[in-house]
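Protein chains in written order, with the working numbering: chain A, 2 to 374; chain B, 89 to 603.
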Amino acid sequence: MTDTATTTQAGGATRSARGSRAGLLSGPLGRNLGLVVALVLLCIAGIATAGDRFADVDNVLTILRLAAVIGVVSIGMTFVIIGGGIDLSVGAIVALSSVWATTLATQQMAEDVHWIVMVFTALVVGAVAGLVNGVVIAYGKLVAFIATLAMLAAARGLAEILANRRTQIVQDQDFIRFFSGDVLGIPTLVIIFALVAAAGWVLLNRTTFGRRTFAVGGNAEAARLAGIRVQRHTVMLYVLSGVVCGIAAVMLMARTTTGSSTHGTLYELDAIAAVVIGGTLLIGGRGTIVGTVLGVLIFTTLSNVFTLNNLSSSAQAVAKGVIIVLAVLLQQRVAAGSSRKRGVRGGPGETGTAIPGSPAGAPTPGAAAGPTT
Amino acid sequence: MSDGRTAPLLEMHGIVKEFPGVRALDGVDLDVRAGEVHCLLGQNGAGKSTLIKVLAGAHQPDAGSITWDGTPVHLGNPQAAMAHGIATMYQELDLVPGLTVADNVFLGRERARLGLTRPAQANRTATELLTRLGHPEIRPTAEVGSLSAASQQMVSMARALSQDARLIVMDEPSAVLDSEEVDHLFQVIRDLTADGVAVVYISHRLEEIREVGDRITVLKDGRTVATGLPARETPTRDVITLMTGRTIEYVFPPRREPPDPDAAPLLEVSDLALDGSFAGVSFTVRPGEVLGLAGLVGSGRSEILETVYGARKASSGTVQVAGRRLRAGDVAAAVSAGVGLAPEERKSQGLLLGEPIYRNITVSSLTRFSRGGFLSGGAERQAAREQAEALDLRPVDVDREVRTLSGGNQQKVVLARWLLRDCTVLLLDEPTRGVDVGARSEIYGLIRALADRGVAVVVVSSEIPEVLGLADRVLVVADGAVVATAAAEELDEHRVLDLVMQGTAAHAAEEGRVA
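And the structure:
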């Protein structure tokens, strides 16, 4: 023990000057750089294969409009995953919110008062569903995977019951006009996505809430012993995810002019995929909003390029799968590389802790050199 | 050390095992003779578990040689170790609870013909093995999950025997047993060794080692510090000194005037208890006083600290800070009452390793730097920098990731966190573990300086000289009870050890051995 401590100190002193810079490159910025490069390459591929049809303003707006709904959901998912959890129920919550906000009763009330009632309904339904998730996970001590899987089934089932398996048409034209319009040529949906992303960035990086999210996901025990109310925070993370699902439901209602129990199918997979290729560690404690936004854009642009080239959606799905695997492999390299560089090691080797980002207990050949400089 | 009477069955020499950043084993020697009970001693983190995993073939050593029955062997995987007749009973029993006793005994080596299992034969053999272990009452068809811990251990041992084991490693087998079961275990061990089987026995309980052991090997910081000691004759004091081994004298800061005995206590603990760990613990700490808790690993000393802090929920008793009672099991309430804890496992419990220094320092005082929930990074860094400078934390670059710091500087980060919060009660669990020699005296100085500022400090340490040098008053803890309280000046290391041993023995006699 004494040995390692002294080595680290000696090593630390000699490279203190460049330590922070190296950390920056292997940190979020370095990873986002890779995503930007990937996105640029995709655009080049789009222009090369589809030319003006890709580089058209309308096409770009189409990409952004498609990215908007899943993007909003992914922002919430980013918080949950950084906080050490997972939310499989997002798609189902979107469906439930959209259905509840378009029932005859709600639409009647909206007609009497204002269409904002529908928006409000969607947000409240999302928040309550998220609250249930959070309470079951934080206080019921259920694994997040199981709890939200249960919510996935239950929320979609409830949506089907409410809608009686019928698609509910949004009657309020003001509502549709407001959300499907545009401001200075930018679709309202895209603006909402931008606002949610910006708010998410501020919340994650500039507030106590965001700081605690990193702490809870990075080391829940240390966070608890530092006096953070970990359970309460976990609940808030799932409520947040539920609320953004409500927002996504409103956007979907505007885009499709319907509320339906089939809305948001497989959103959980798309959102998790975007968050993960965006560089957020699935084990929590690390991640960025910018990475998630880039992840969403990469997936939507990919679909667009494939569609413009008349490639099937099945081929798209295969490409998506390949990208996810490549991105996570790359991420693990980065994580393992940076931890090797910094000589990370949990306590004495009695138990042998796992490297963050790698599967538990995975052997780490070559990582045995200890603190190197 | 080997006296040549018996050629060793197993010889491990110069075993080195590195994990990234930690040299878990740094040249360990161990020799075990056939038919002996060889005790392996060492504190948590000394490398015992890593060593037995090397022996079980679960870890590959980076250097060193293993000789088995006179021939050098390479234990490339657990199967290879088993093939040589080395069986390991891990601390967490490696049984499948949903399978039957016989299934577990032959797990991985099922009795089968043409791919069909032969339950009748397996059951018969399992019964034979269990009878040999003196437990014919364990039915081979019973589900393992429904058995008591002691019976499960026998199943685990039957599995070892079924592999024709010549060496059985037992990692703290007595931890889950009561005293009668331990006596029975010892009988089984004696029968095994009479048949020529060697046993490597790991336990923290020195009195057990006296009873069942033949020779002792002591590990410390991944090295063998003594080997081949006679288990019955070596004085306990010597064994403990080897385990905690302190060769360098540290400079402790001078004590000030004894804190005013009339001052109202800042921390009052009365009749605190945690089921299965400790009971009836009462003490008070006045402002400016350093209270030390001395005791062996497993005596309950760390649990006492964690329960005071609310990290564990007390089963009874009260904790008061400045006259106000804290809610049991509520860390956040303790923190807002001005209590801080520097936990034992600094890296896993104390720090957010991937986060910069300043965030680790401000994590418990975030509201101070926020307005309407929005944080001011500049103010945070400034405040963290002030603390870092006051504690002489190097480097003062507060944007550095905490994982890049040495143990001593990491401990300073934890202290800075509580200083920033203006803590009035500071609980320190092993404040110098993993802290190198140079930084220790510095940490001692800091702790004393904090007390001089009026903080009530409680220190837990497994190094008795540290407790004695640092504290004004010492509580000696043994087997979950306070066995003595005295001013530090009135005690010396031997006196504390005697108290610890007496207390442990008395408790063992009184209540039976409760883990």
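For every residue, glycine included, the Cβ atom is placed at its ideal position computed from N, Cα and C. Just so you know, these numbers come straight off a predicted model, no measurement behind them.
What residues from chain A crowd round B:P431, counting only those whose CB sits closer than 9 Å?
What B:P431 touches in chain A: E222, A223 and L226.
Quick one: give me the first and last residue of the alpha helix (DSSP H) that B:Y178 is part of.
Note, B:Y178: premise wrong, no alpha helix (DSSP H); not H, not E.
Using a Cβ cut-off of 7 Å, pull out every chain A residue sitting near B:E551, in sequence order please.
Chain A residues near B:E551: none, gap ~13 Å exceeds 7 Å.
Counting only Cβ pairs nearer than 7 Å, list the residues of chain B close to A:A198.
Residues of chain B passing the Cβ test: none, with the nearest at roughly 18 Å.
With a threshold of 8 Å between beta-carbons, can A:F80 be considered close to chain B, or not?
No, its Cβ sits nowhere closer than 8 Å to a Cβ of chain B.
Shorter than 8 Å from the beta carbon of B:G461 to some beta carbon of chain A?
Yes, because at least one Cβ of chain A sits closer than 8 Å to the Cβ of B:G461.
Any beta-carbon of chain A closer than 8 Å to the one on B:A420?
Taking Cβ atoms only, chain A reaches closer than 8 Å to B:A420, which makes this a yes.
Quick one: which chain B residues come within Cβ less than 8 Å of A:T208?
Correct list: S458, G461, F462 and L463.
Taking the alpha helix (DSSP H) that B:P166 falls in, what are its first and last residues?
From DSSP, the alpha helix (DSSP H) with B:P166 extends over P166 to H172.
For A:G201, which residues in the same chain have their Cβ closer than 6 Å to its Cβ, ignoring the five residues on either side in sequence?
Excluding sequence neighbours, A:G201 sits near I76 and I290.
Alpha carbons only, please: which of B:V385, B:A422 and B:E577 is nearest the one belonging to B:K401?
It is B:A422 whose Cα lies nearest to the Cα of B:K401.
At 7 Å on the CB atoms, spell out the chain A contacts of B:L439, in chain order.
What B:L439 touches in chain A: A223.
Residues of chain A with CB closer than 7 Å to the CB of B:S452, please, in chain order.
Under the 7 Å cutoff, chain A gives A227 and G228.
Which stretch, first to last residue, makes up the beta strand (DSSP E) that contains B:E356?
Looking at the DSSP string, the run of the beta strand (DSSP E) that includes B:E356 is L355 to L362.
Would you mind telling me which residues of chain B sit closer than 9 Å to A:G201, beta carbon to beta carbon, in chain order?
None at all; the shortest Cβ gap to chain B is about 14 Å.
Going by DSSP, what residues sit across from B:C127 in a beta bridge?
Answer is B:Y289 and B:I304, bridged to B:C127.
Rounding to the nearest angstrom, what Cα-Cα distance links B:S267 and B:A566 in this structure?
For B:S267 and B:A566, the distance between alpha carbons rounds to 17 Å.
What's the C-alpha gap between B:V409 and B:L493?
So the alpha carbons of these two residues sit roughly 33 Å apart.
Report the three-state DSSP secondary structure of B:L516 (helix, strand or coil).
It is a strand residue.
Once DSSP output is grouped into helix, strand and coil, what is the label at B:K105?
Residue state, collapsed to three classes: strand.
Check the Cβ of A:F215 against every Cβ in chain B and list those closer than 7 Å, keeping chain order.
Going along chain B in sequence order, the residues near A:F215 (Cβ under 7 Å) are E443.
Would you kindly work out how many angstroms separate the C-alpha atoms of A:R54 and A:L65, rounded to a whole number?
Their backbone Cα atoms lie some 15 Å apart in a straight line.
Classify B:T159: buried if its beta carbon has 16 or more other beta carbons within 10 angstroms, exposed otherwise.
That one is exposed.
Just the Cα atoms here: how many angstroms apart are B:E609 and B:V502?
In this structure chain B extends from 89 to 603, so residue 609 of chain B is not present and cannot be described.
Would you identify the three-state DSSP class for B:D283, choosing helix, strand or coil?
If DSSP states are grouped into helix, strand and coil, B:D283 belongs with coil.
Taking Cβ positions, are A:T214 and A:G86 nearer each other than 8 Å?
Taking 8 Å as the Cβ cut-off, A:T214 and A:G86 do not qualify as a contacting pair.
Measuring CB to CB, does B:A175 end up less than 8 Å from B:A190?
No, Cβ-Cβ distance for B:A175 and B:A190 is not below 8 Å.
Report yes or no: do the region 447–456 of chain B and the region 504–522 of chain B share at least 3 C-beta pairs separated by less than 8 Å?
These segments touch.
Whole angstroms are fine: how far does the CA of A:A139 sit from the CA of B:R220?
Rounded to whole angstroms, B:R220 to A:A139 spans 48 Å at the Cα level.
Using the three-state DSSP reduction, which class does A:Q172 fall into: helix, strand or coil?
It is coil, neither helix nor strand.
Could you give the distance in angstroms between the alpha-carbon of B:G533 and the alpha-carbon of A:A227?
B:G533 and A:A227: Cα-Cα distance of roughly 24 Å.
Please report the Cβ distance between B:R311 and B:G115, rounded to the nearest whole angstrom; I am assuming they are in contact, meaning their Cβ atoms lie under 8 Å.
Yes, they are in contact, since the Cβ atoms of B:R311 and B:G115 sit about 6 Å apart, within 8 Å.
Which residues does DSSP list as the beta-bridge partners of B:T312?
In the DSSP output, where bridge partners are listed per residue, B:T312 has B:L307.
Are the CB atoms of B:A286 and B:H126 nearer to each other than 8 Å?
In contact: B:A286 and B:H126 (Cβ atoms closer than 8 Å).
Rounded to whole angstroms, what's the CA-CA distance from B:R491 to B:R434? Just pull it up for me.
Near 11 Å, if we compare the C-alpha coordinates of B:R434 and B:R491.
For B:A399, which residues in chain A fall below 8 Å Cβ to Cβ?
Correct list: R225 and L226.
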